[in-house]
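Visitor: Let me begin by handing over the structure; questions about it come next.
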Amino acid sequence: MAVMGRNGAGKSTLLHHLVGLRRAQRGSVEILGRTPAALGASEAIRLVGLVPQDPGALLCAETVAAECRDGDRDGGLAEGTTRAVLESIVGGISDDTHPKDLSEGQRLALALAIVLAPEPPLLLLDEPTRGLDYGAKERLSHLLRRLAARGRCVVVATHDVELVAEVADRVVVLADGEVITDGLARSVVCHSAGLASQVARILAPAEWLTVEEVATALAERPRENRASS
Ligand SMILES: Nc1ncnc2c1ncn2[C@@H]1O[C@H](COP(=O)(O)OP(=O)(O)O)[C@@H](O)[C@H]1O
Ligand SMILES: [Mg+2]
Numbered sequence: 622m623a624v625m626g627r628n629g630a631g632k633s634t635l636l637h638h639l640v641g642l643r644r645a646q647r648g649s650v651e652i653l654g655r656t657p658a659a660l661g662a663s664e665a666i667r668l669v670g671l672v673p674q675d676p677g678a679l680l681c682a683e684t685v686a687a688e689c690r691d692g693d694r695d696g697g698l699a700e701g702t703t704r705a706v707l708e709s710i711v712g713g714i715s716d717d718t719h720p721k722d723l724s725e726g727q728r729l730a731l732a733l734a735i736v737l738a739p740e741p742p743l744l745l746l747d748e749p750t751r752g753l754d755y756g757a758k759e760r761l762s763h764l765l766r767r768l769a770a771r772g773r774c775v776v777v778a779t780h781d782v783e784l785v786a787e788v789a790d791r792v793v794v795l796a797d798g799e800v801i802t803d804g805l806a807r808s809v810v811c812h813s814a815g816l817a818s819q820v821a822r823i824l825a826p827a828e829w830l831t832v833e834e835v836a837t838a839l840a841e842r843p844r845e846n847r848a849s850s
């Protein structure tokens, strides 16, 4: 699910409530019947994980290895768990690198590994594609789709309509802290001028979201159709 909306709409605030960093003044937050703000840290990280807008904010150790060890300790995980998750997201990061010396994509991967290692059923990401190059963004899209396919609930706050077109089934749009749209990604991305992906803009009114989707559909068409158009 993607949460969209202008700056100041309340996307980050919503994620902070879901992860229990804030308590609601009205209403309540329940994840699988539990209120995250009422849980202790080690229970909370097994229920819901947030990769914040600045993933560096999660990182405070001197090396990648120490960061992974702290992740294992905080989550009560077997030694090496967080490191293995990191390796599955992006290979080749050396243990003794300082987190500050990682690229944006590597820092995001390390923060993701720390958040994912305790296997929370709900994963929240706040504007994860900011500062990522094309390749890192592709890898992130694949990872999020894999996690969703394995039954995780993944919520991404983002301005990035191309990411939304790639990964989201559902889009919620916020304005001034209120939900103004809640619908299938395909219909939101294809029918709202401000939120349309490039492919949706070009091929409107047909409802196509991504280049990959169009390429697959073209490849699957019967041969005669392909020859005549
Ligand atoms: N539901 C809400 N009702 C009232 N104020 C809100 C609500 N959600 C967010 N805010 C306020 O709006 C401001 C910006 O919210 P933020 O979550 O940072 O927006 P975004 O991440 O969409 O840019 C914050 O000061 C926050 O306290
Ligand atoms: Mg925000």
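Counting from 622, one number per residue, gives the positions in the sequence shown under our numbering. All residues carry an ideal CB built from backbone N, CA and C; glycine is no exception.
1) Mapping DSSP to helix, strand and coil, what is Glu683?
2) By Cβ distance, which residues of its chain are closer than 7 Å to Ala730, with the 5 residues on each side in sequence left out?
3) Within the present structure, is the beta-carbon of Ala630 separated from the nearest heavy atom of ligand 1 by less than 7 Å?
4) In the DSSP assignment, find the beta strand (DSSP E) that holds Glu783 and state where it starts and stops.
5) First and last residue of the alpha helix (DSSP H) that includes Gly726?
6) Just the Cα atoms here: how many angstroms apart are Ser633 and Gly713?
7) Going by alpha carbons, who is nearest to Gly726 out of Gly629, Leu805, Gly677?
8) If you run the structure through DSSP and keep just helix, strand and coil, what is Glu664?
9) In the DSSP assignment, find the beta strand (DSSP E) that holds Arg791 and state where it starts and stops.
10) Could you round the C-beta distance between Pro741 and Leu698 to whole angstroms and report it? I think they count as a contact, below 8 Å.
11) Do Ala789 and Cys811 have their beta-carbon atoms positioned less than 8 Å apart in this structure?
12) Let me know the secondary structure DSSP gives Glu799 once reduced to three states.
13) For the segment 801-821 against the segment 663-676, do three or more pairs of beta-carbon atoms, one drawn from each stretch, fall closer than 8 Å, so that the two count as touching?
14) Taking 7 Å as the cut-off, does the CB of Asp747 come closer than this to any heavy atom belonging to ligand 2?
Guide: Based on what the coordinates show:
1) coil
2) Leu707, Ile710, Val711
3) yes
4) No beta strand (DSSP E) holds Glu783; the alpha helix (DSSP H) holding it covers 782-788.
5) 725-737
6) 31 Å
7) Gly677
8) helix
9) 791-796
10) Actually they are not in contact, since the Cβ atoms of Pro741 and Leu698 sit about 12 Å apart, beyond 8 Å.
11) no
12) strand
13) no
14) yes
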